[in-house]
Amino acid sequence: MRAGTENVAGIVALGTACEIAERSLPTERYRLTGLRDQLSQRLAEMLPGKVVLNGHPIERLPNTVNVSIEGVVGAEVLDATPEIAGATGSACHAENVEPSAVLLAMGMERSRALGALRLTLGRWSTSKEVEQASCLLAQTVQKMLSAASLGKR
13 MRAGTENVAG IVALGTACEI AERSLPTERY RLTGLRDQLS QRLAEMLPGK VVLNGHPIER
73 LPNTVNVSIE GVVGAEVLDA TPEIAGATGS ACHAENVEPS AVLLAMGMER SRALGALRLT
133 LGRWSTSKEV EQASCLLAQT VQKMLSAASL GKR
């Protein structure tokens, strides 16, 4: 293709992708909302009294879970759980872990913001994967909390 020539195949492909997205949006939103709720509920069940939802309980993205876990640093949880791709919203440089500026701007306490995890689901995410992720994260957090309590003795 020479400069200035329209990419007809790309334009047609984009149009087709938009049509598919428009058709699947209502059912996909419902499916992702169910998986999102499953993920936050399972984490809360496996880590009783330690998990707090960040943000509005209903008015939020259907594919995103943002929770804080008491007693741990979110970035450390993700570092110790390489099977999980998540984010903390913080900028990590060397040993300097900073909490999410957005969570702090919402008025969240620094310790709670440091414990935040943002987990995002996608079109191919399954209930089985949500269960596996919940178990892996809960196991990591429990190990960290146990190690911390042993260090306090």
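Here the sequence shown is numbered in this note's numbering, starting from 13 and rising by one per residue. C-beta: ideal position from N, C-alpha, C; glycine also.
Looking at the secondary structure, which residues open and close the beta strand (DSSP E) in which residue i lies?
| i | result |
| --- | --- |
| A64 | Position check: residue 64 holds Val in this sequence, whereas Ala was assumed. Unbroken beta strand (DSSP E) run through V64: V63 to L65. |
Give me the Cα-Cα distance between residue i and residue j, rounded to the nearest whole angstrom.
| i | j | result |
| --- | --- | --- |
| L47 | R14 | 46 angstroms |
| E82 | I70 | 22 angstroms |
| Q53 | E18 | 48 angstroms |
| E31 | D91 | 39 angstroms |
Let's test the definition: count the other Cβ atoms within 10 Å of the Cβ of residue i and tell me whether it reaches 16, buried, or not, exposed.
| i | result |
| --- | --- |
| I23 | exposed |
| V20 | exposed |
| L37 | exposed |
| H105 | Per-residue confidence for H105 stands at a pLDDT of 44, beneath the threshold of 50, marking its modelled position as unreliable; no derived number is given. |
Measure from the alpha carbon of residue i to the alpha carbon of each residue in the options, then state which is nearest.
| i | options | result |
| --- | --- | --- |
| L51 | V153, Q144 and V114 | Q144 |
Is residue i helix, strand or coil when you go by DSSP?
| i | result |
| --- | --- |
| A160 | helix |
| L129 | strand |
| A99 | strand |
| T93 | coil |
By the DSSP assignment, the alpha helix (DSSP H) with residue i in it spans what residues?
| i | result |
| --- | --- |
| V84 | Run containing V84: none; DSSP gives neither H nor E here. |
| R43 | V20 to M58 |
| A117 | A113 to A117 |
Below 7 angstroms, is the gap between the Cβ of residue i and the nearest heavy atom of the ligand GDP?
| i | result |
| --- | --- |
| R135 | Absent from the structure shown: the ligand GDP. Ligands present: none. |
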